[in-house]
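Enquirer: Residue numbers (my numbering): 1 to 518.
We treat Cβ as the ideally placed atom computed from N, Cα and C, and that holds for glycine.
This structure is a prediction, so every number in the text was calculated from the model and none was measured.
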């Protein structure tokens with residue numbers, strides 16, 4: 001079909017950077033892949049598809065690209081909801097007939113509120129987009145492979161941000177079979193399901209056809225572990241077979257702690273070429289884990305699991321979540337001291353403040369106990385901003401949150417402990433696994449400098465300025481992208497107003513009550 005007759009599709013991963021200035025995080029891993037999976041639902045013969053990742057490429061303000069689509073598809077994390085509004089305003093200004101489709105956690109949580117802004121609000125899984133395509137464009141615009149098999153392969157050929165010699169991505173299951181209090185999956189009551197192993201095979205074959213041999217294949221599952229052992233064994237067996245055939249060098253995945261219950265699971269992983277496993281440790285404090293609803297993490301000592309994994313030759317990665325609403329700063333610092341001084345474990349990949357994700361059990365607890373601060377914007381709920389009333393004085397907590405962004409005050413000890421870690425595991429970990437395990441120390445201290453690349457064209461052309469962060473939601477300034485990059489239709493001026501979660505006294509804002517308090 002001639003290009004002039006193709007339906008023009010623009011799919012955008014929306015993003016607000018924690019620095020609150022326009023930056024491109026081209027070295028940030030893992031990469032975002034949802035938009036590549038969404039692209040796979042469109043007929044490649046009838047659609048001209050463009051993808052744009054705001055993490056990798058910075059804020060989308062290219063007028064030519066914004067004027068391109070007949071259909072705009074938007075996704076992103078909760079905090080990116082306002083960016084969806086901005087891009088909708090841009091596209092509708094350029095082409096009022098463009099169809100705008102929005103999906104993701106924020107749309108699912110704010111389904112009623114969202115309907116006033118977007119033509120279609122998808123509250124289900126990505127496959128729901130096929131129904132929108134059929135209704136808005138016609139059945140023939142849905143990818144034939146999806147109509148035939150019930151699944152569509154991601155468009156790896158359009159994922160310009162990938163670095164296949166370093167890492168690519170595939171998925172073998174969806175959601176999780178645990179229900180942690182702060183998790184968006186718990187809020188959505190999302191049910192765990194395993195894909196047919198054939199779908200995983202087809203993804204890996206499509207990658208090989210596109211890139212040739214890759215570096216590390218990272219499994220994007222919310223948990224690669226499975227309550228049905230046969231499913232786990234089948235997936236690992238396939239990975240071993242394809243690795244031996246030269247498809248990729250190593251693989252990695254996210255697993256829940258139950259993966260480590262059986263020692264032979266680690267044996268399977270090692271023998272199939274596993275480089276690293278990420279697991280949601282969240283905290284080394286028993287009471288904190290109980291509060292998070294992560295009872296599965298209380299069965300074994302967290303340190304034992306990490307040590308076990310490292311001794312098997314697999315790098316162990318994890319995140320640390322700190323809750324100033326239930327624990328004093330002195331206790332949180334003590335946990336950080338324990339981690340930094342313990343040479344037997346890796347450092348966390350990230351350290352964040354707990355987020356009251358919309359409609360999660362933790363969110364409702366915070367509402368019930370009136371923990372929300374006043375004038376909190378949805379954009380503020382990004383894990384680097386204080387949005388809840390802490391146990392300690394707010395100024396002390398704000399300073400603590402500011403310091404943990406780069407572990408200021410811990411850096412010298414971190415340098416020293418890397419030597420002890422290396423000595424302990426140099427005979428256990430391969431050079432690649434050792435580099436990955438040790439890189440957390442470097443990245444934690446310099447992450448924002450290494451991965452944040454300001455876009456001078458955007459900064460200069462649109463007069464963007466950096467802002468001095470306060471790390472307190474009630475006073476945190478808006479990102480510079482809340483100022484339109486070019487004149488927009490007056491009907492969409494309000495799309496650049498921030499979405500307020502709380503009002504002047506800390507109650508849920510009237511506009512969101514129908515969604516969040518029912």
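(1) Check whether the region 115-134 and the region 163-172 are in contact - that is, three or more C-beta pairs closer than 8 Å.
(2) Which residues does DSSP pair with residue 71 in a beta bridge?
(3) Is it true that the CB of residue 49 sits closer than 7 Å to the CB of residue 87?
(4) Check this for me: beta carbons of residue 111 and residue 121, under 7 Å apart or not?
(5) Report the rounded CA-to-CA distance for residue 372 versus residue 517, giving the unit in angstroms.
(6) From the DSSP secondary-structure annotation, give me the bridge partner or partners of residue 194.
(7) Do residue 293 and residue 180 have their CB atoms nearer than 7 Å?
(8) When you compare only the Cα positions, how much space is there between residue 43 and residue 6?
(9) Residue ranges of each alpha helix (DSSP H) run of no fewer than 4 residues wholly in the region 323-402, ordered along the chain?
(10) When the Cβ atoms of the region 317-324 are set against those of the region 347-364, are three or more pairs found closer than 8 Å?
(11) So residue 394 and residue 386 are in contact, right, with Cβ under 8 Å, and what is the actual spacing, rounded?
(12) If you draw a straight line from the C-alpha of residue 519 to the C-alpha of residue 18, how long is it?
(13) With residue 202 and residue 153 assumed to form a contact (beta carbons below 8 Å), what rounded beta-carbon distance in angstroms separates them?
(14) Measuring only the C-alpha atoms, how far is residue 74 from residue 40?
(15) Name the two residues that bound the continuous alpha helix (DSSP H) containing residue 184.
(16) Got a sec, what are the start and stop residues for the beta strand (DSSP E) residue 249 sits in?
(17) Specify whether the region 402-422 and the region 482-496 touch according to this definition: at least 3 beta carbon pairs, one from each stretch, less than 8 Å apart.
(18) Could you name the residues of the same chain whose beta carbon sits closer than 7 Å to that of residue 133, not counting the 5 residues immediately before and after it, in chain order?
(19) Work out the CA separation of residue 102 and residue 126 for me, nearest whole Å.
(20) Evaluate residue 29 with the Cβ neighbour count: other Cβ atoms within 10 Å of its Cβ, from every protein chain shown; 16 or more gives buried, anything less gives exposed.
(21) Can you tell me which of the three DSSP states residue 432 falls into?
(22) Hey, out of 341, 83 and 92, whose CA is closest to residue 12's CA?
(23) Where do the ends of the alpha helix (DSSP H) carrying residue 131 lie?
(24) What's the gap between the Cα of residue 247 and the Cα of residue 264?
(25) DSSP state of residue 471, grouped into three classes?
(26) Along the chain, where does the beta strand (DSSP E) containing residue 215 start, and where does it finish?
(27) Between the C-alpha atoms of residue 422 and residue 71, what's the straight-line distance to the nearest angstrom?
(28) Please return the same chain residues whose Cβ sits closer than 8 Å to the Cβ of residue 368, not counting the five positions on each side in sequence.
(29) Counting beta carbon pairs with one atom in the region 247-260 and one in the region 282-291, are three or more of them shorter than 8 Å?
(30) As a quick exercise: from 24, 258, 418 and 193, pick the residue whose alpha carbon is nearest that of residue 295.
(31) Looking at C-alpha atoms only, which residue of 194, 232 and 331 is the closest neighbour of residue 392?
(32) Using 10 angstroms around the beta-carbon of residue 209, count the other beta-carbons present and answer buried if the total reaches 16, otherwise exposed.
(33) Would you decide whether residue 45 is buried or exposed? Buried here means 16 or more other CB atoms lie within 10 Å of its CB.
(34) Following the continuous beta strand (DSSP E) through residue 423, name the residue where it begins and the one where it ends.
(35) Can the beta-carbon of residue 187 be found closer than 7 Å to that of residue 370?
(36) What separation, rounded to the nearest whole angstrom, lies between the Cα atoms of residue 419 and residue 339?
Expert: Checking against the coordinates, here is how it stands:
(1) Not touching, per the Cβ criterion.
(2) 9 and 99
(3) no
(4) yes
(5) 14 Å
(6) 173
(7) Going by C-beta atoms, residue 293 is nearer than 7 Å to residue 180.
(8) 10 Å
(9) 329-341 and 361-368
(10) yes
(11) 7 Å
(12) Outside the shown range of the chain (1 to 518) lies residue 519, about which nothing can therefore be said.
(13) 6 Å
(14) Whole-angstrom Cα-Cα distance: 15 Å.
(15) Per DSSP, residue 184 belongs to the alpha helix (DSSP H) from 184-187.
(16) For residue 249, the enclosing beta strand (DSSP E) begins and ends at 248-254.
(17) no
(18) Within the same chain, residue 133 has close Cβ partners 41, 42, 141 and 142.
(19) If you take the alpha carbons of residue 126 and residue 102, they lie about 11 Å apart.
(20) Exposed is the call here.
(21) helix
(22) 83
(23) 128-136
(24) 24 Å
(25) coil
(26) 214-219
(27) Whole-angstrom Cα-Cα distance: 52 Å.
(28) none
(29) no
(30) 258
(31) 331
(32) The residue is exposed, with fewer than 16 neighbouring Cβ atoms inside 10 Å.
(33) So residue 45 ends up on the exposed side.
(34) Run containing residue 423: none in the beta strand (DSSP E); it sits in the alpha helix (DSSP H), 411-425.
(35) no
(36) 15 Å
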